[in-house]
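Okay, structure first, notes after.
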Amino acid sequence: MQLVRNWFSRISLERIQLELMNTAYGSGHASLSRLDPRCLLLWYLFFAIVPWFLSSFVVLAGLFLLTAATTVLSRVTPFVIVVLCLGLIGQVGWLFVLSLFFGGDVGSALPLLKLTLKLSVVSLASITVFSGMDPEKISDGLLALGLPASISFSLSYGYRILPVLFEEFRNVLLSYRLRGQSPERPGFLYWRMAAYYLKLLTMAFFPLMLATAKRSRTTVEALETRGFSYGMRNPASKKLKLSHLRVAARDIAFLSGTAAYVALLFWIG
Amino acid sequence: MSKPISPSSPALSSSSSSPSSLSSQFSLSSPSSASSLAASAAPSAGEFAVRVSNVTFAYPGSEQPVLREASLAIRKGSFAAIAGGNGCGKSTLCKLFNGLIPHYYSGEFSGSVEVCGRPAEGRGVAELSRQVGYVYQDFDNQLVRPTVLDEAVFAPLNYGLPEYRAMGQRALELCGISHLHDRYVWELSGGQKHLLALAGALALEPDVLVVDEPVSQLDPRHARQAYEVLRRLNRQHGITIIVIEHHTEFIADYCEEVCLMEQGRVLWQLPAAEALNRLADLDRLGIQPPEVTQAAAKLSELLGKPSAASSYPVTADDAEAYFGAILRRRAAETGSPGKEAGGGASAGEAPPSNPSPAIEFRRTELSYRTVRKEKREVLRGLDLALNEGERIALVGNNGAGKSSLLKLIAGIARPTGGDVRVLGEDAKGLSVERISARIAYVFQNPEDMFIEDTVYKEVAYCLKRRRYPQAEETAERMLRAFRLEPLRDRDARLLSGGQQRRVSLAIGAAIRPEIILLDEPTANLDLATREELIGTLKELEAHVRTVVIATHDMQLVRQWATRVVVLNEGVVAGDGAPADVFADADLIRRAGLAPTQIMDLSARLGLKPACASPAELAGRIYGMLAHGKENDSHAARPQLV
């Protein structure tokens with residue numbers, strides 16, 4: 000019982016927020032962050048799409064190894080890895096249970112393993128990109144690849160507003176707790192407590208949305224006064240924003256190295 | 000959008016004369032000096048930073064115009080304040096300057112606006128914003144970039160200016176925050192964020208800077224810091240500063256002229272000292288004149304010679320000279336004014352021999368982990384006992400641990416060392432829900448407390464949830480007690496600041512807690528609402544026995560508290576009756592407190608203990624004049640007032 004309680008106290012919103020911000024912005028020291036964002040995004044595009052069309056175990060396993068290596072290079076926080084593993088096990092695990100239920104046997108685990116590999120490759124590639132580059136670089140990269148300025152701005156603003164939202168969410172949640180009634184008895188495995196907190200988490204979204212809507216009034220006005228919509232229509236502004244992007248030798252090396260490795264895999268598989 | 004634009008030359012003559020004609024129409028005295036400002040500012044259109052002529056504007060979908068024939072002319076290089084009660088159109092007026100009205104809000108518009116000598120008509124927000132920077136009241140929502148430097152270069156980058164980096168860095172330097180350039184915005188304190196919002200607006204090197212209520216969201220020290228930056232920008236860089244402000248003491252110290260607005264009109268535009276002497280107008284609009292001005296007015300009332308064309312002092316410096324002169328006039332017949340010591344016992348109403356205090360801290364420590372994984376100590380071995388029936392004010396500068404202390408009592412934070420005992424129990428073992436049944440915690444920002452969609456439901460939520468008997472009757476009674484009945488079906492988020500504060504207090508008081516904790520209850524309130532809040536606090540005593548307030552507001556402390564606890568760097572630096580604590584000048588300085596004007600003046604005039612209110616100061620000086628020296632009966636009298 001004490002174990003469960005300890006677990007509960009570990010998972011605090013502060014901690015989740017801290018980990019998320021570290022994942023997003025704590026990448027300045029990662030070796031991948033020195034790569035040009037456009038190259039990394041193109042690289043990601045390949046690993047996000049191609050695995051779905053592959054069926055060779057060798058190729059998939061090879062890709063998995065590569066993305067696992069880049070994930071390590073991106074210095075991801077352990078928290079994200081834990082979430083990923085939970086997600087994968089949960090996703091594929093219940094499929095396996097379901098297949099057993101419908102008369103499958105251990106043999107049905109094999110295609111599921113393949114699915115797991117595909118999912119892992121894609122997820123690890125995503126983590127590499129989103130953890131290895133800070134949102135500013137991603138947003139610049141997207142802009143450079145021709146996406147509208149509003150999308151790339153939303154991405155970086157989304158991260159900027161994240162701590163504010165967390166803060167607000169914590170307050171709303173606290174407000175519910177200060178004026179609410181927690182279960183008298185925790186119940187078996189603290190299920191009553193878990194249900195209580197889950198309910199609060201859900202209910203807290205409504206006030207959060209209203210508060211956000213209210214604060215965004217100022218934000219939108221302020222964007223106007225600081226020439227944001229003017230800048231979106233202004234090609235000079237975009238050029239200036241992206242002038243710091245350079246494709247260097249290490250970018251070429253990174254891309255061609257990956258290409259050679261993938262070609263080798265296909266040749267083997 | 001209808002915009003009957005008056006041609007510029009007739010507009011010039013009409014607008015330059017309008018402030019003076021309006022003032023002579025409304026004011027009781029000295030029309031001649033009112034027109035002198037307008038006359039000196041009249042000559043050419045090029046000398047005006049902004050000029051508004053007969054603007055009437057209604058927001059889309061609203062029948063009532065927010066601005067009604069508003070006219071105003073602010074000289075280039077001026078430092079002007081726009082004052083007025085809540086909802087009188089101050090912010091709306093300022094949004095004319097950068098074209099947000101009528102370009103962004105396209106309501107019913109008539110009249111004309113000129114910015115830096117050129118008509119604003121036909122120039123969009125983007126173009127006007129290069130000349131007019133705007134800093135919002137809720138400046139936190141204005142910051143859209145992750146790091147400080149990114150934020151500073153945001154505007155020049157949008158305009159595609161190649162030297163954007165230098166511009167941003169210069170703006171940061173002007174605001175004195177260039178050392179923070181690589182920090183993330185969410186790591187900054189409130190004061191630093193405000194300076195960053197200023198820098199963001201300055202990066203485009205505007206001619207005019209509009210700052211909406213800089214004081215309301217900042218503690219007094221940071222507010223003064225922000226004003227010092229504005230003064231430097233104004234004096235050294237020639238930027239025209241327009242602040243929306245109703246804190247008259249800041250107006251007196253920093254502004255050159257004041258425009259007073261009432262119901263969408265500009266009532267008058269006068270030099271600051273003169274404007275702040277229009278006591279009748281200010282009083283009618285719920286704006287409190289500087290404390291020293293009130294004291295001077297009170298004194299001349301006591302002396303039986305209230306002057307119509309008054310010229311009372313508005314700053315502490317002026318007041319020192321003014322009262323000093325009055326006292327010196329009598330000095331021949333008297334010795335030096337009596338400087339009696341102490342007198343603090345009068346305020347200590349709390350039973351000192353309480354065996355078990357309501358709240359007790361024993362060597363309490365609290366530390367946080369920051370984003371950069373550093374440990375930050377907030378409380379370092381704090382010992383404190385708070386007794387039942389006390390009105391306790393926690394004071395101290397930002398980061399001294401006031402809010403943390405309240406959170407420990409409410410069970411929201413857990414001590415990392417030592418003990419916290421609330422109402423005889425160890426707080427460590429109690430959940431937030433358990434503690435909150437006996438101790439109510441009211442947030443600094445009322446909006447964070449709102450979880451329902453009507454005021455009635457907000458107040459009743461806890462009562463119903465916790466199945467209090469007669470929940471409905473209690474909720475009704477609370478609505479009556481806090482004068483919320485007319486607002487019962489409104490959404491609390493859409494109420495004014497003062498109304499929101501009342502709702503939050505009603506929520507706190509509804510469950511009849513034994514202790515209520517208030518975090519900065521007067522922050523963000525205009526002065527009329529503030530006065531009202533002090534009344535509400537007294538009302539609260541009918542329901543709650545012990546009240547603890549964390550505050551920066553020394554006026555509130557002087558008027559309300561029976562005990563002051565000064566926190567500094569995580570420990571108790573001072574503890575006692577307000578008079579005693581404020582008499583300790585060294586402590587005040589060390590703890591970074593901002594004394595009120597009256598406390599400051601009392602010290603300069605050598606009055607001990609310091610006076611609590613303008614009326615007290617006036618009474619004591621009157622006593623000194625009448626009896627030759629200050630005696631005890633006069634010192635004690637105001638505490639009964």
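The listed protein sequences derive, respectively, from chains A and B. Last residue of the first sequence: number 268 in numbering that gives the first Met the number 0, and the count goes up by one each step with no gaps. Last residue of the second sequence: number 640 in numbering that gives the first Met the number 0, and the count goes up by one each step with no gaps. We treat Cβ as the ideally placed atom computed from N, Cα and C, and that holds for glycine.
Quick one: which residues of the stretch 440 to 453 of chain B get their C-beta closer than 9 Å to a C-beta of chain A? List them in chain order.
440, 442, 444, 446, 447, 448, 449, 450, 451, 452
Provide the residue(s) that pair with residue 545 of chain B in DSSP beta bridges, ordered along the chain.
B/514
Taking CB distances under 9 Å as the criterion, tell me whether residue 227 of chain A reaches chain B.
yes
Considering only the alpha carbon of each residue, which of A/197, A/49, A/122, A/65 lies closest to residue 84 of chain A?
A/122
Does any residue of chain B bring its CB to less than 9 Å from the CB of residue 139 of chain A?
no
Three Cβ pairs or more, each shorter than 8 Å: is that satisfied between the stretch 158 to 174 of chain A and the stretch 415 to 430 of chain B?
no
Alpha carbon to alpha carbon, how far is residue 426 of chain B from residue 165 of chain A?
26 Å
Cβ of residue 185 of chain B within 8 Å of any heavy atom in the ligand MG?
Here there are no bound small molecules, and the ligand MG is not part of this structure.
Using beta-carbon positions only, say whether residue 448 of chain B and residue 454 of chain B come within less than 9 Å of one another.
no
To be precise: take each residue of the stretch 55 to 69 of chain A, compare its Cβ to all Cβ atoms of chain B, and keep it if any distance is under 9 Å. Which residues remain?
none
DSSP puts residue 440 of chain B in a beta bridge; with which residues?
B/516
Amino acids of chain A, ordered along the chain, whose beta-carbon sits closer than 8 Å to that of residue 48 of chain B
Chain A residues near residue 48 of chain B: none, gap ~17 Å exceeds 8 Å.
Out of B/285, B/60, B/251, which has the shortest C-alpha to C-alpha gap to residue 269 of chain B?
B/251
Leaving out the 5 sequence neighbours to the left and right, which residues in its chain are closer than 7 Å to residue 377 of chain B when beta-carbon positions are compared?
365, 366, 367, 400, 403, 569
Verify the CB distance criterion: does residue 139 of chain B have a CB-CB separation below 9 Å to chain A?
yes
In chain order, what residues of the same chain have a beta carbon less than 6 Å from the beta carbon of residue 450 of chain B, not counting five sequence neighbours either side?
none
Option in A/267, A/153, A/261 with minimal Cα separation from residue 66 of chain A:
A/261
Please confirm if the stretch 583 to 599 of chain B is in contact with the stretch 607 to 625 of chain B, defined as three or more CB-CB distances below 8 Å between the two stretches.
yes
Hey, could you find the ends of the alpha helix (DSSP H) residue 297 of chain B is sitting in?
290 to 301
Which residues bound the beta strand (DSSP E) around residue 260 of chain B?
256 to 261
Taking only beta carbons into account, state which residues of the stretch 173 to 188 of chain A come closer than 8 Å to chain B, listed in chain order.
173, 174, 175, 176, 177, 178, 179, 180, 181
Apart from the five residues just before and just after residue 200 of chain A, which ones in its own chain have a Cβ nearer than 8 Å to its Cβ?
172
Assuming residue 237 of chain B contacts residue 116 of chain B under a Cβ cut-off of 8 Å, what Cβ separation, rounded to an integer in Å, is found between them?
Between residue 116 of chain B and residue 237 of chain B the Cβ distance is about 15 Å, and since that is not below 8 Å, they are no contact.
How many Å lie between residue 56 of chain A and residue 113 of chain A at the Cα?
7 Å
Assuming residue 316 of chain B is part of the alpha helix (DSSP H), what are its boundary residues?
315 to 330
Where the alpha helix (DSSP H) containing residue 587 of chain B begins and where it ends
584 to 589
Following the continuous beta strand (DSSP E) through residue 47 of chain A, name the residue where it begins and the one where it ends.
From DSSP, residue 47 of chain A is part of no beta strand (DSSP E) but of the alpha helix (DSSP H) over 36 to 48.
Please report the Cβ distance between residue 173 of chain B and residue 92 of chain B, rounded to the nearest whole angstrom; I am assuming they are in contact, meaning their Cβ atoms lie under 8 Å.
In fact, because the Cβ distance is near 26 Å, the residues do not count as touching under 8 Å.
Can you check which of these residues, B/239, B/166, B/121, B/303, is closest to residue 625 of chain B by C-alpha distance?
B/303
Between residue 205 of chain B and residue 129 of chain B, what straight-line distance do the alpha-carbon atoms span, to the nearest angstrom?
6 Å
Determine, using beta-carbon pairs with one atom in the stretch 178 to 193 of chain A and one in the stretch 63 to 72 of chain B, whether at least three such pairs fall under 8 Å.
no
Could you tell me whether the Cβ of residue 198 of chain A comes closer than 9 Å to any Cβ of chain B?
no
Taking a cut of 8 Å between CB atoms, which residues from the stretch 165 to 189 of chain B lie near chain A?
183, 184, 185
At the 9 Å Cβ level, is residue 247 of chain A part of the contact set with chain B, yes or no?
no
Within the same chain, show all residues whose beta-carbon is closer than 6 Å to that of residue 350 of chain B, passing over the 5 residues directly before and after it, in chain order.
The pLDDT assigned to residue 350 of chain B is 44, lower than 50, so where the model puts this residue is not dependable; a value taken from the coordinates is nonetheless given after this. So no residue of the chain qualifies.
Going by other Cβ atoms of all chains shown within 10 Å of its Cβ, with 16 needed for buried, is residue 86 of chain B buried or exposed?
exposed
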